[in-house]
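Have a look at the structure below before the remarks.
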Amino acid sequence: MPLGVRIFLVYALFIGLTGYFVLSTVMKEIRPGVRQSSEETLVDTANLIAEILGSDFNSDSLDQHRWPELLKAYGNRQPVATIWGLPKIQLNHRIYVTNAKGIVVLDSSGAAVGQDYSRWNDVYLTLRGEYGARSSRSDPNDAGSSVMHVGAPIRDNGQIIGVVTVAKPNSSLQPYVDRIQRRLLAYGVGLIGLGLLFGAWLSWWLSRSLRRLTAYAQAVSEGHRVEVPHYRGGELEQLATAVEQMRTQLEGKAYVERYVHTLTHELKSPLAAIRGAAELLQGEMSSEHRQRFISNIDNESTRMQQLIERLLNLAQVEQRQALEEHVEVPLAALVSEVLNAQTARIESRQLFVEQTIPGDLVLNGEPFLLRQALGNLLDNALDFTPRQGLLRLSAERLGDQIEFKLFNQAEAIPDYALPRLSERFYSLPRPDNGRKSTGLGLNFVEEVAKLHGGTLRLENVHEGVEVTLRLS
Numbered sequence: 001m002p003l004g005v006r007i008f009l010v011y012a013l014f015i016g017l018t019g020y021f022v023l024s025t026v027m028k029e030i031r032p033g034v035r036q037s038s039e040e041t042l043v044d045t046a047n048l049i050a051e052i053l054g055s056d057f058n059s060d061s062l063d064q065h066r067w068p069e070l071l072k073a074y075g076n077r078q079p080v081a082t083i084w085g086l087p088k089i090q091l092n093h094r095i096y097v098t099n100a101k102g103i104v105v106l107d108s109s110g111a112a113v114g115q116d117y118s119r120w121n122d123v124y125l126t127l128r129g130e131y132g133a134r135s136s137r138s139d140p141n142d143a144g145s146s147v148m149h150v151g152a153p154i155r156d157n158g159q160i161i162g163v164v165t166v167a168k169p170n171s172s173l174q175p176y177v178d179r180i181q182r183r184l185l186a187y188g189v190g191l192i193g194l195g196l197l198f199g200a201w202l203s204w205w206l207s208r209s210l211r212r213l214t215a216y217a218q219a220v221s222e223g224h225r226v227e228v229p230h231y232r233g234g235e236l237e238q239l240a241t242a243v244e245q246m247r248t249q250l251e252g253k254a255y256v257e258r259y260v261h262t263l264t265h266e267l268k269s270p271l272a273a274i275r276g277a278a279e280l281l282q283g284e285m286s287s288e289h290r291q292r293f294i295s296n297i298d299n300e301s302t303r304m305q306q307l308i309e310r311l312l313n314l315a316q317v318e319q320r321q322a323l324e325e326h327v328e329v330p331l332a333a334l335v336s337e338v339l340n341a342q343t344a345r346i347e348s349r350q351l352f353v354e355q356t357i358p359g360d361l362v363l364n365g366e367p368f369l370l371r372q373a374l375g376n377l378l379d380n381a382l383d384f385t386p387r388q389g390l391l392r393l394s395a396e397r398l399g400d401q402i403e404f405k406l407f408n409q410a411e412a413i414p415d416y417a418l419p420r421l422s423e424r425f426y427s428l429p430r431p432d433n434g435r436k437s438t439g440l441g442l443n444f445v446e447e448v449a450k451l452h453g454g455t456l457r458l459e460n461v462h463e464g465v466e467v468t469l470r471l472s
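Under full-length UniProt numbering, read the sequence shown as residues 1 to 472, first letter to last.
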């Protein structure tokens, strides 16, 4: 199972369990919380009525006052109100009054007048000077039929002479509880959904970052040139930097070892030629032979210098993982510049040059490297093109790449040599003098092509050889 999926599953499990327990706990606390708030209101209402009744209350003559009519009128009222989106069309409070013996003397519902309520907690405790409250079911088998009762004492000179009880059915609060629960559930599910989306994005981002780093490590292990992935700080940036440093150190050691080995091998031949010529020059010989050996020493020393210079250039390119600059380079102008640098050789060999490169064709890369690469290709083509031969340079855009082709009229390259032409130090003898070059020119071109995300291909075609350079 991918790491990103595992991270998301763990995160989703954590979010799901946390959301469930939080929602479950809060949902369970809503009903008691609403009832507690309602009970506080009942306490205030009961004490207010007790104070109002206090001056008129007389257990012997209460029915002579206006209170029975007032409570009856209260019970018959039908308010028209909308409370937080919920309609209220009837009064839910029931008010009854008992005397000091617990006998009901007033009842807004008219159902309990004359009954003995002295054993109910709301009356019993209040008459004893304590907080009297109870919650009783009107239907013992129905939990939703419970009614909250809160009592308040009626005092006369500090003595309790009666009790006012205000009752409210819990069913009247249920619509508000249901509404809060629905909204809370919707918000909770929404937040859990957002949390899961964030977790999915986080898992995707982390997996993508690790995949980029893995792809980079695999590409480096396969010898490809890729740019080290960059992150905005943190452990991933440190890990990418550590991998790049490890790659640089490992490649540096291997490169130096290979570099010294190949350089030593290639310098043996010119050094041996110089040493042989120097030994022969110490003996007696004609001036003509002497001049020939001196010329050999000069040629071999020049070859060594070119070899070292090209190796240094190649080493700089090989050690780079990405371009240092991206500049728009007009290809036609660049090719014309390279051709102008070889005008003397072209004219001396009476070569025919055909150039069909659109003026609006633009490369994106490093001008210096591109100029050197095209110069190496042209220099190599001039070495093998016979007098009065043909050079044809063309280019076109293919999708997001530009394909540059250089054809030179020449003998076909042997099949065994074709796949090795871009190898370091591999070279074919020149037709004119039979000498070999450093064998680094095409290898340099191939490295430049890789840096520009392209490829180099050489093939035999009709009447000559064609080099195809594709660059992104």
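Glycine is no exception: its CB is placed at the ideal position from the N, C-alpha and C atoms.
Predicted model only: the values in this text are computed from it and were never measured.
Starting from residue i, follow its DSSP beta bridges and name the residues at the other end.
i	result
Glu328	Asn364
Phe407	Arg392 and Glu466
Asn460	Val465
Tyr96	Asp107 and Thr165
Thr455	Arg470
Leu398	Gln401
Glu354	Arg392
Asp116	Ile103
Ser136	Val147
Quick one: using the 10 Å Cβ neighbour count with 16 as the cut-off for buried, is residue i buried or exposed?
i	result
Leu469	buried
Asp142	exposed
Trp201	exposed
Gly359	exposed
Asn157	exposed
Pro2	exposed
Tyr416	exposed
Ser427	buried
Lys28	exposed
Leu456	buried
Gly110	exposed
Lys101	exposed
Gln32	Here residue 32 is Pro; the residue named in the question, Gln, does not match the sequence. Per the 10 Å Cβ criterion, exposed.
Pro229	buried
Gly190	exposed
Glu446	buried
Leu42	buried
Ala46	buried
I'd like to check one pair, residue j with residue i: are the Cβ atoms closer than 8 Å?
i	j	result
Ala382	Gln342	For the record, residue 382 in the displayed sequence is Leu; it is not Ala. Yes, these two residues count as a Cβ contact at 8 Å.
Glu366	Glu325	yes
Ser394	Lys405	yes
Asn170	Met148	yes
Leu184	Val34	no
Pro153	Val166	no
Val329	Leu370	yes
Asn99	Ser172	no
residue 561	Gly441	In the structure displayed, the chain extends from 1 to 472; residue 561 sits before or after that span and is not available.
Val105	Ala112	no
Leu398	Val353	no
Val243	Leu213	yes
Ile160	Gly19	no
Ser295	Ile274	no
Arg137	Ser145	yes
Could you check how far apart the C-beta atoms of residue i and residue j are, in whole angstroms? I think they sit under 8 Å.
i	j	result
Leu196	Gly4	Contact flag wrong, Cβ pair sits at about 14 Å.
Asp107	Tyr124	Wrong, their Cβ atoms sit about 18 Å apart, outside the cutoff.
Phe444	Ala373	7 Å
Ala409	Thr385	Before going on, a small fix: residue 409 reads as Gln here, not Ala. Indeed, because the Cβ distance is near 6 Å, the residues count as touching under 8 Å.
residue 558	Leu471	Given that the chain is displayed from residue 1 to residue 472, the structure contains no residue 558 and the question cannot be resolved.
Ile7	Ser203	5 Å
Gly129	Gly151	The Cβ separation is near 11 Å, so there is no contact.
Ile15	Gly199	6 Å
Leu418	Leu458	6 Å
Glu403	Glu396	6 Å
Ile49	Ile180	No, Ile49 and Ile180 are not in contact; Cβ-Cβ is about 29 Å, not under 8 Å.
Arg119	Gly54	So it is not a contact: roughly 24 Å between Cβ atoms.
Phe407	Val461	7 Å
Is there a Cβ from chain C that is less than 8 Å from the Cβ of residue i?
i	result
Pro386	No chain C appears in the structure shown, which is made up of a single protein chain.
> At what residue ranges does the stretch 138-196 contain a whole run of the beta strand (DSSP E), taking only runs of 3 or more?
Replying inline: 146-156 and 159-169
>> As an exercise, report each continuous beta strand (DSSP E) stretch of at least 3 residues that is fully enclosed by the stretch 27-57, in chain order.
In response: none
> Curious, which full-length alpha helix (DSSP H) runs of at least 4 residues does the stretch 279-306 contain?
Replying inline: none
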